[in-house]
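When you number the sequence shown by this note's numbering, it's gap-free, plus one each residue, and the end is 140. All C-beta atoms in this analysis are idealised placements derived from N, C-alpha and C, irrespective of residue type, glycine included. Below is one structure, written out as structure tokens; the observations come after it.
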Amino acid sequence: MEFMRPRKPGLALDMAPLIDIVFQLLIFFMLSSSFLSPAIKLDLPRAAMEDPKTAEFVVVSLDREGNIFVNTQKTSLEELKGMIQSAFAKNEPKAVHVRGDKDMPYKYFVEVMDKARQAGARQINIVHEAEPSR
């Protein structure tokens, strides 16, 4: 004789809390991600953090007229490579920090970086002004 077993109700997973968590995660990631606008106005150089490195380096400064200074000494583009090489003779890290006026033509910036690389610079850093804390 066969007895009928009572049917057990199936285990049902409540989907409401799961959906709530998924939406909360979605909202969190949407709010924490940064979106870039297609038209970005460039007004450089400013940054929120300063670079804490304190190594020895050669500073090459450029003003908006295209005048070049190596460690406060004025020079020309033709003499720049030799000036950097002579500064490297006293300075082992062979790092160059390029300080450029934000209104300076970009072509001067590229030319200075090329001359620094030709002079043997292993590291070229772009110096910026730290943005004041709010």
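Can you list, in chain order, the residues of its chain with a C-beta nearer than 7 Å to that of residue 17? Leave out the 5 residues immediately preceding and following it. none
Locate the beta strand (DSSP E) running through residue 88, then write down its first and last residues. Premise fails: residue 88 lies in the alpha helix (DSSP H), 83-96, not in any beta strand (DSSP E).
Beta bridge counterpart(s) of residue 79 as assigned by DSSP: 76
How big is the Cα-Cα spacing for residue 62 and residue 105? 15 Å
Contacts around residue 72, its chain only, beta-carbon distance under 6 Å, and the 5 residues preceding and following it disregarded: 114
Cα-Cα separation, residue 69 to residue 108: 9 Å
Please confirm whether residue 89 and residue 102 have their CB atoms less than 8 Å apart. no
On the CB-based measure, 16 or more other CB atoms within 10 Å of its CB, does residue 95 come out buried or exposed? exposed
Is residue 38 helix, strand or coil by DSSP? helix
Over what stretch of residues does the beta strand (DSSP E) that includes residue 65 continue unbroken? 64-68
Specify the secondary structure class of residue 105 as computed by DSSP and reduced to three states. strand
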